[in-house]
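A.B. asks:
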Amino acid sequence: MIEYANCLLSWELRVIGWEVSYGAEFVPSSEGSYTVIIQKTRKVGSSEEPVLCNNYKIGEPGKVVLTIDNSSSKKKKLLYRLKTKPSTSD
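Residues 1 to 90 (UniProt numbering) are what the sequence shown spells out, left to right.
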């Protein structure tokens with residue numbers, strides 16, 4: 001598990017053999033904080049965008065959880081890339 005704090009996290013996902021569900025959320029490390037839904041889970045078909053891109057500005061320690069659900073019995077490949085940039089204070 002990698003924890004991030006005070007940065008901008010960007011990611012790209014590509015699934016070879018589409019028809020999956022995709023979602024993303026930020027889970028903070030501290031007990032009093034709430035989970036933030038970055039991307040509601042949605043079904044992504046083969047006719048939609050070939051690469052899913054998103055980013056999230058992280059202001060406290062925690063982790064970003066990307067969920068890919070393959071509801072079919074067919075094997076699929078997932079390619080992903082993550083990049084972080086230090087965040088400037090606003």
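All C-beta atoms in this analysis are idealised placements derived from N, C-alpha and C, irrespective of residue type, glycine included.
Is the CB-CB distance between residue 35 and residue 23 below 8 Å?
C.D. replies: Cβ atoms of residue 35 and residue 23: not closer than 8 Å.
A.B. asks: Tell me the rounded alpha-carbon separation between residue 19 and residue 56.
C.D. replies: Roughly 24 Å separates the two Cα atoms.
A.B. asks: For residue 86, I'd like the list of residues in its chain whose CB is within less than 6 Å of its CB, leaving aside the five on either flank, ordered along the chain.
C.D. replies: These residues qualify, in order along the chain: 7.
A.B. asks: Pull up the distance between the alpha-carbon of residue 79 and that of residue 13, whole angstroms please.
C.D. replies: Residue 79 and residue 13: Cα-Cα distance of roughly 6 Å.
A.B. asks: Would you tell me roughly how many angstroms separate the C-alpha atoms of residue 92 and residue 76, rounded to the nearest one?
C.D. replies: Since the first residue of the chain shown is 1 and the last is 90, residue 92 is not available in this structure.
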